[in-house]
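Student: Under full-length UniProt numbering, think of the first position of the sequence shown as 1, with each following residue one higher.
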Amino acid sequence: MDPDFDEFLHVPARLSVVALLAPADWVEFGFVRDTVGTSDSALSKQVAALAEAGYVEVRKTRNRTGRHTHLQLTTHGRQALQRHASALERVVAAARACTRPEDTATPGEESACYVSKQ
């Protein structure tokens, strides 16, 4: 496995959140919830995990219209996303470089792209 592949960040809900936060400064919780297409409780759980890992900063404020929660990708989170995206690009590049073993191997011979399970 590529050392930059981040299994924690690869969880689809977490990856969706950090990808959404990457180009922005502070993003309102409700916008993230609606864009990712999840519930408040499911998003809260993922945001808590991301915050605990240092990937996301959470800011809660109160004003005359009520309580508001905003999210921001931290420098650590941004770097982790960049490393993970690079790892995914390398995985995809390797997959594209190989064809199916039966297309390239002669009978009784393994393809150069074949990886045996050990």
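Every residue gets a Cβ at the ideal spot worked out from N, C-alpha and C, and that includes glycine.
Compare the Cα-Cα distances from residue 44 to each of 61, 63, 13 and report the closest residue.
Tutor: In the sequence shown, residue 44 corresponds to position 44, counting from 1. That would be 13, whose Cα lies nearest to the Cα of residue 44.
Student: For residue 92 versus residue 71, is the C-beta distance shorter than 7 Å?
Tutor: Reading the sequence shown from its first residue, position 92 is the one you call residue 92. Reading the sequence shown from its first residue, position 71 is the one you call residue 71. No, the Cβ-Cβ distance between residue 92 and residue 71 is not below 7 Å.
Student: For residue 35, does the three-state DSSP call read helix, strand or coil?
Tutor: For the purposes of this step, residue 35 is identified with residue 35 of the sequence shown, where counting begins at 1. Three-state DSSP puts residue 35 in a helix.
Student: Mapping DSSP to helix, strand and coil, what is residue 50?
Tutor: Against the sequence shown, residue 50 aligns to sequence position 50. If DSSP states are grouped into helix, strand and coil, residue 50 belongs with the helices.
Student: Just to confirm the assignment, what range does the beta strand (DSSP E) spanning residue 84 have?
Tutor: One-based indexing of the sequence shown puts residue 84 at position 84. Careful: residue 84 lies outside any beta strand (DSSP E), inside the alpha helix (DSSP H) at 75-97.
Student: Can we say the segment 30-40 touches the segment 76-84, given the rule of at least three CB pairs closer than 8 Å?
Tutor: Segments in contact, no.
Student: When you compare only the Cα positions, how much space is there between residue 49 and residue 90?
Tutor: Against the sequence shown, residue 49 aligns to sequence position 49. Against the sequence shown, residue 90 aligns to sequence position 90. Going from the Cα of residue 49 to the Cα of residue 90 covers about 26 Å.
Student: Looking at the structure shown, is residue 11 part of a helix, part of a strand, or coil, going by DSSP?
Tutor: One-based indexing of the sequence shown puts residue 11 at position 11. Residue 11: coil per DSSP, three-state reduction.
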